[in-house]
Amino acid sequence: MAENKGVLVCGEIDSKLASITTELLGCGRKLADDLKEDLSCLLVGDKIGDAAKEAIAFGADKVYTVEDPLLKQYQADSFIQVVEKVAKDTLPRIVLFGQTSMGRELAPRLAFRLGVCLSTDCLDLTIDPNTKLLRQTRPVYGGNAQAIFVSEFMPQVVTVRPKAMSPIERDALKQVQGNIIPTRISIDTTKVRTKVLETVKEEVVGVKLEDAPVIVSGGRGMRGPEPFKTILKELADLLHGAVGASRPPADNGWVPEATHVGLTGKIVAPDVYIAVAISGASQHIAGCSGSKHIIAINKDPEANIFKEAEFGVVGKWEEILPAFTNKLKELL
Amino acid sequence: MPGINMIVCSKQVPDPEAPPSLFKVDTVANKMVTGPEVKPVISQYDEFALEAALRIKDKLGGKITALSLGNKIVRDVIKKALAVGADDLILLEDEAFDGGDSWSTAHALVAAIKKIGQYDLILCGRQSSDWDAGQIGLGIAEILGIPAVTLVRKVEVTDRKAKVERVIPDGYEKIEVTLPAVITVTSELGALRYATLKGIMAAAKKQPIVWKPADIGLESSQVGAAGRRIKLTKLFQPVKEAKCEVIEGETAAEAGANLAMRLRQAKLL
Ligand SMILES: Cc1cc2nc3c(=O)[nH]c(=O)nc-3n(C[C@H](O)[C@H](O)[C@H](O)COP(=O)(O)OP(=O)(O)OC[C@H]3O[C@@H](n4cnc5c(N)ncnc54)[C@H](O)[C@@H]3O)c2cc1C
Ligand SMILES: Nc1ncnc2c1ncn2[C@@H]1O[C@H](COP(=O)(O)O)[C@@H](O)[C@H]1O
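From first to last, the protein sequence lines are chains A and B. In this text, residue positions in the first sequence follow this note's numbering: the first is 1, and each later residue adds one. In this text, residue positions in the second sequence follow this note's numbering: the first is 333, and each later residue adds one.
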């Protein structure tokens with residue numbers, strides 16, 4: 001049997017090369033260099049355009065582009081056909097996906113199709129110098145611990161948490177050396193058993209959570225939708241930031257799902273994360289522990305959030321927040 | 333479509349909402365250990381999956397089978413599925429099932445699903461509350477060769493099809509999928525209903541069906557730890573130094589104002 005070689009990044013395009021893909025390329029470049037093997041990137045869509053060149057500039061040696069009008073919209077059943085074919089034809093040693101809406105679906109499917117077991121949501125990936133196997137570090141038990149997994153079955157498939165890896169410096173000159181390989185794969189539409197009837201976007205006005213330098217998040221202790229629109233919003237606006245939430249406010253419909261931070265919500269890493277009436281469950285912390293500074297406001301001095309925070313105030317937000325916001329208005 | 337057959341995969345886990353300080357790593361055994369204070373529960377998203385199934389049954393009727401794989405499954409915990417309205421409870425319970433990975437667990441669940449025979453909809457949690465892998469539902473779909481929709485917050489079944497809402501980062505998709513299918517459920521679907529007294533009493537009288545590997549046509553070497561395709565080499569807890577500076581004041585309001593001054597002084601804001 002042919003030996004598996006090289007690292008394959010399954011890229012994503014959101015009008016341009018997605019930031020998660022540049023992160024995967026950064027991580028993949030390092031792994032490929034350690035193995036002294038190639039880094040390739042797969043891009044799938046109806047029109048790929050400049051994203052292929054960008055993938056080269058961000059570190060790929062080779063880019064497989066699969067363009068087809070049938071691939072305009074992401075559907076697991078059509079995209080998996082492409083990923084499976086490319087993985088079978090190119091026999092990579094390692095396949096990297098983002099822990100995204102798409103990667104979460106495609107990676108397990110690919111792994112089960114190829115007879116391997118994967119690790120999702122990895123925070124760290126390194127090559128074991130002795131065995132050349134991939135050491136896959138991921139959080140488990142809601143973030144209460146981390147585990148390192150290793151698999152001898154090829155390819156080694158993982159998904160990587162957004163923002164856990166850094167892209168390499170974009171090198172525009174490299175674009176000329178890179179190899180872009182347009183690849184035709186015919187999609188068997190009889191195997192597409194789902195149909196997207198409608199895509200509904202719940203636009204959040206103002207600064208996007210993922211880009212916000214400051215996030216003011218509220219938890220179950222806010223007790224309703226109102227404070228998210230008034231006092232938390234006012235504070236977030238003052239700081240040019242965005243309003244976030246723990247899971248209960250999102251589950252209760254107090255805030256749009258897109259504001260939900262955590263293991264099963266958004267992973268954010270702002271400069272300042274202000275957690276108001278959030279207890280600090282590990283699953284919530286998993287989404288904000290990358291923040292430079294965490295600030296907690298909670299009436300319970302024993303709340304776990306104080307173990308994560310750098311600064312905190314113990315007391316009711318109803319009393320603390322107005323004074324805090326007013327003082328900031330004076331000072332800023 | 334009367335009489336839709338549903339299978340809900342439900343796993344027993346240590347209460348994921350227990351305080352983080354109660355979760356410890358036994359580095360010798362390479363295992364998580366939780367204190368006796370941490371009660372076993374049905375994995376959170378599996379409860380949401382059960383609720384999704386119950387809502388379908390409320391509307392269309394049909395049968396719900398709860399399926400759980402593990403070792404030493406606590407009857408009082410898992411019987412909650414029966415108490416809220418599942419019709420059958422099947423346990424894949426044996427020492428040999430211990431220590432599996434997603435690969436061996438999904439294959440054992442599929443062997444059981446094939447033995448159950450009839451299924452229109454298989455419901456799973458989006459991820460388990462212990463290992464947080466988010467793989468089993470898709471694994472089951474792949475092995476059975478049926479479609480899957482993940483991160484579902486709403487399901488409606490009509491005429492051999494399901495219409496579902498799938499959560500995406502900035503909204504949701506309305507998706508139609510042919511049956512049989514796997515659906516993995518997310519928290520926005522809504523919490524599991526409470527069991528009624530009648531339900532609890534009926535569940536107390538029912539006994540779960542227990543299957544061993546041989547009952548589902550598998551060798552001990554194919555299940556649990558023996559059937560793994562990925563190795564757990566190390567389990568650890570990164571150390572973090574607790575260093576919260578608690579800002580005080582005569583009143584809570586004053587503490588709030590003091591926090592603002594302290595953050596300005598520290599040049600954070
Ligand atoms: C597999 C899994 C995944 C999960 N994913 C996520 C996730 O992605 N994100 C997430 O957030 N959760 C997630 N959870 C849920 C998580 O375990 C917690 O249940 C949740 O984070 C709790 O939210 P909370 O802190 O807002 O609520 P609670 O834990 O109820 O805390 C409310 C806090 O508010 C404080 N409070 C109440 N009133 C006031 C007041 N007037 N002033 C000041 N403080 C007050 C209380 O002291 C308390 O600390 C997940 C759970 C599981 C099992
Ligand atoms: N041992 C098990 N028994 C029954 N169902 C399981 C088991 N493990 C996982 N599942 C199902 O698969 C889902 C995803 O699990 P995982 O892939 O482990 O995160 C869970 O929410 C359950 O619905």
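Virtual Cβ for every residue (Gly too), placed ideally from N, Cα, C.
Residue from the options with nearest C-alpha to residue i
i                     : options                       : result
residue 537 (chain B) : B:362, B:355, B:421 and B:400 : B:421
residue 197 (chain A) : B:496, B:371 and B:400        : B:496
residue 70 (chain A)  : A:162, A:109, A:320 and A:191 : A:191
residue 214 (chain A) : A:220, A:225, A:243 and A:109 : A:243
residue 201 (chain A) : B:470, B:438 and B:505        : B:505
residue 557 (chain B) : B:500, B:601, B:449 and B:438 : B:438
residue 182 (chain A) : A:161, A:66, A:39 and A:45    : A:66
residue 110 (chain A) : A:79, A:142 and A:144         : A:79
residue 4 (chain A)   : A:157, A:73 and A:252         : A:157
residue 585 (chain B) : A:89, A:41, A:180 and A:319   : A:319
Secondary structure of residue i, DSSP reduced to three states
i                     : result
residue 339 (chain A) : Nothing about residue 339 (chain A) can be reported from this structure: the residues present for chain A run from 1 to 332 only.
residue 249 (chain A) : helix
residue 326 (chain A) : helix
residue 456 (chain B) : strand
residue 335 (chain B) : coil
residue 257 (chain A) : helix
residue 137 (chain A) : strand
residue 657 (chain B) : Residue 657 (chain B) lies beyond the residue range present for chain B, which begins at 333 and ends at 601; the question has no answer from this structure.
residue 377 (chain B) : helix
residue 81 (chain A)  : helix
residue 403 (chain B) : coil
residue 593 (chain B) : helix
Beta-carbon separation (whole angstroms), residue i vs residue j, contact threshold 8 Å
i                     : j                     : result
residue 95 (chain A)  : residue 10 (chain A)  : 7 Å
residue 475 (chain B) : residue 112 (chain A) : 7 Å
residue 223 (chain A) : residue 154 (chain A) : Their Cβ separation, rounded to whole angstroms, is 52 Å, which puts residue 223 (chain A) and residue 154 (chain A) out of contact at 8 Å.
residue 276 (chain A) : residue 321 (chain A) : 7 Å
Residue i beta carbon near ligand 1 (any heavy atom closer than 7 Å)
i                     : result
residue 318 (chain A) : yes
residue 261 (chain A) : yes
residue 284 (chain A) : yes
residue 104 (chain A) : no
residue 156 (chain A) : no
residue 461 (chain B) : yes
residue 60 (chain A)  : no
residue 479 (chain B) : no
residue 300 (chain A) : yes
residue 485 (chain B) : no
residue 224 (chain A) : no
residue 349 (chain B) : yes
residue 99 (chain A)  : no
residue 290 (chain A) : no
Contact test: residue i Cβ vs ligand 2 heavy atom, cutoff 7 Å
i                     : result
residue 159 (chain A) : no
residue 401 (chain B) : yes
residue 441 (chain B) : yes
residue 117 (chain A) : no
residue 602 (chain B) : Residue 602 (chain B) is absent from the model: chain B starts at 333 and stops at 601.
residue 602 (chain B) : In this structure chain B extends from 333 to 601, so residue 602 (chain B) is not present and cannot be described.
residue 381 (chain B) : yes
residue 65 (chain A)  : no
Alpha-carbon spacing of residue i relative to residue j, whole angstroms
i                     : j                     : result
residue 397 (chain B) : residue 492 (chain B) : 19 Å
residue 152 (chain A) : residue 123 (chain A) : 20 Å
residue 247 (chain A) : residue 178 (chain A) : 44 Å
residue 204 (chain A) : residue 455 (chain B) : 31 Å
residue 219 (chain A) : residue 231 (chain A) : 13 Å
residue 226 (chain A) : residue 167 (chain A) : 39 Å
residue 362 (chain B) : residue 356 (chain B) : 11 Å
residue 388 (chain B) : residue 375 (chain B) : 21 Å
residue 102 (chain A) : residue 332 (chain A) : 41 Å
residue 61 (chain A)  : residue 106 (chain A) : 23 Å
residue 512 (chain B) : residue 381 (chain B) : 16 Å
residue 519 (chain B) : residue 130 (chain A) : 43 Å
residue 528 (chain B) : residue 299 (chain A) : 35 Å
residue 306 (chain A) : residue 573 (chain B) : 12 Å
residue 293 (chain A) : residue 271 (chain A) : 6 Å
residue 302 (chain A) : residue 459 (chain B) : 29 Å
residue 165 (chain A) : residue 209 (chain A) : 19 Å
residue 16 (chain A)  : residue 53 (chain A)  : 11 Å
residue 8 (chain A)   : residue 134 (chain A) : 13 Å
residue 76 (chain A)  : residue 68 (chain A)  : 15 Å
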